[in-house]
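Numbering (full-length UniProt numbering), first residue to last: 1 to 291.
We put the beta carbon where it would ideally sit given N, CA and C, even for glycine.
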């Protein structure tokens, strides 16, 4: 991608890149790109559409059975506690939704020419919505969503489409001291995932940074859960993504979900006292396991 980009800019007059990146307003840039896209679309023939359908991984249908997937979704919503408000998210998010609040390279996101990006992680979007609600005066915000997302990075598993579905939870509240807020959020999320996965649930945590939260896990979270909540001290994945403590969600030896504390609502609201916990599972993995 870098070589292609470099050759493109070399063909244009000096200053062209700066003009497109910062010299035009969003509406001006959008108008230019819409014109280019319209003219390119006018040259597309039906045979080319068929070719792209077979070759472009971004448009391949999922191999999941939608009838079984709907059953999984229904069960998740039925088990969700009333305190979690369901949110029907848009398939688009503001440009920079992931890269601005999380350590995600924009190359991994499908950006549009209208100043938006195709949804790639509903936890980021729910964090924005949570920040909006917190600023409006809600003391504690618990949100849930089920969304099909698109990721631009290639996957190692053959046959995997670039899009898949996630069921996610996001909780946000102000710190009350002694890691009580974090412990209460953990209990809310882990109780739900245990209800979903049953006795085969494998719930884990990794402390990337030592803090008093470990004490609350021992004296508050574990007694409240009544099920194993084990430490995965070997995990290194997402150490720069989560703020201190991450979650692992599995069933019968299969990793189907992830989560952890983030600084997203704190960054969005400019308040270091804000606490935010996210967790999610792949509904397609969950459906396959339960089939």
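#1: Which same chain residues, not among the five before or five after residue 111, have their C-beta less than 7 Å away from its C-beta?
#2: For residue 125, count neighbouring Cβ atoms within 10 angstroms of its own Cβ and tell me buried if that reaches 16, exposed if not.
#3: Take residue 84 as the anchor and find which of 169, 90 and 149 has the nearest alpha-carbon.
#4: On a CA-only basis, which of 205, 153 and 134 is nearest residue 163? Give me that one, please.
#5: Could you check the C-alpha separation between residue 136 and residue 187 for me, to the nearest Å?
#6: Taking the runs of the beta strand (DSSP E) that are 3 residues or longer, which of them lie wholly in the region 123 to 189?
#7: For the beta strand (DSSP E) holding residue 94, just list the boundary residues, first then last.
#8: In the DSSP assignment, find the unbroken alpha helix (DSSP H) run with residue 281 in it and report its ends.
#9: State the DSSP-derived secondary structure class of residue 110, mapped to helix, strand or coil.
#10: Would the beta-carbon of residue 150 fall within 9 Å of that of residue 58?
#11: For residue 9, does the count of other Cβ atoms within 10 angstroms reach 16, so buried, or fall short, so exposed?
#12: I'd like to know whether the C-beta atoms of residue 238 and residue 257 end up nearer to each other than 9 Å.
#13: Is DSSP giving residue 261 helix, strand or coil here?
#14: Tell me whether residue 82 sits in a helix, a strand or coil according to DSSP, three-state version.
#15: Rounded to the nearest angstrom, what separates residue 119 and residue 93 at their Cα positions?
#16: Determine the DSSP secondary structure at residue 198, reduced to helix, strand or coil.
#17: Just how far apart, CA to CA, sit residue 7 and residue 262?
#18: For residue 213 and residue 287, what's the separation of their Cα atoms in angstroms?
#19: Could you compute how far the alpha carbon of residue 54 sits from the alpha carbon of residue 43?
#20: Between 101, 121, 49 and 21, which has its C-alpha nearest residue 282's C-alpha?
#21: Which residue spans inside the region 211 to 266 form an unbroken alpha helix (DSSP H) run of at least 4?
#22: Should the region 197 to 205 be regarded as contacting the region 220 to 234, the criterion being three or more beta carbon pairs within less than 8 Å?
#23: Hey, does residue 172 have any beta-carbon neighbour from chain C nearer than 9 Å?
#24: In terms of residues, what are the limits of the alpha helix (DSSP H) holding residue 116?
#25: Excluding sequence positions up to five away, which residues of its chain have a Cβ less than 6 Å from the Cβ of residue 108?
#26: Using three-state DSSP, classify residue 204 as helix, strand or coil.
#27: State the start and end residues of the unbroken alpha helix (DSSP H) segment that holds residue 32.
On the basis of the supplied data:
#1: Result list for residue 111: 95 and 117, in chain order.
#2: It is buried - the Cβ of residue 125 has at least 16 other Cβ atoms within 10 Å.
#3: Distance check between residue 84 and each of 169, 90 and 149 places 169 closest, using alpha-carbon atoms only.
#4: The shortest C-alpha to C-alpha distance from residue 163 to any of 205, 153 and 134 is the one to 153.
#5: Residue 136 and residue 187: Cα-Cα distance of roughly 25 Å.
#6: Here the runs fully enclosed are 140 to 150 and 163 to 174.
#7: Segment 92 to 94, the beta strand (DSSP E) holding residue 94.
#8: Taken as a continuous stretch (DSSP letters only), residue 281 belongs to no alpha helix (DSSP H), being part of the beta strand (DSSP E) at 274 to 282.
#9: Correct three-state label for residue 110: coil.
#10: Yes, the pair counts as a contact, with Cβ atoms nearer than the cut-off.
#11: By the Cβ neighbour-count rule, residue 9 is exposed, with fewer than 16 other Cβ atoms within 10 Å of its own.
#12: For the 9 Å CB-CB criterion, residue 238 and residue 257 do not form a contact.
#13: Here residue 261 sits in strand by DSSP.
#14: DSSP places residue 82 outside both helix and strand once states are collapsed to three, so it counts as coil.
#15: The straight-line gap from Cα to Cα measures roughly 6 Å.
#16: Looking at residue 198 - three-state DSSP - the assignment turns out to be helix.
#17: Distance from the CA atom of residue 7 to the CA atom of residue 262, rounded to whole angstroms, is 39 Å.
#18: So the alpha carbons of these two residues sit roughly 33 Å apart.
#19: If you draw a straight line from the Cα of residue 54 to the Cα of residue 43, it comes to about 19 Å.
#20: Closest in C-alpha terms to residue 282, from the list 101, 121, 49 and 21, comes 121.
#21: Within the region 211 to 266, the complete alpha helix (DSSP H) runs of at least 4 residues are 213 to 216 and 222 to 225.
#22: Contact between the region 197 to 205 and the region 220 to 234 is present, because at least three Cβ pairs lie under 8 Å.
#23: In the displayed structure, chain C is absent; only one protein chain is listed.
#24: Where residue 116 is concerned, there is no enclosing alpha helix (DSSP H), although the beta strand (DSSP E) it sits in stretches over 116 to 118.
#25: Cβ neighbours of residue 108 beyond the five flanking positions: 152 and 153.
#26: The answer is strand: DSSP assigns residue 204 an E or B state.
#27: Segment 26 to 42, the alpha helix (DSSP H) holding residue 32.
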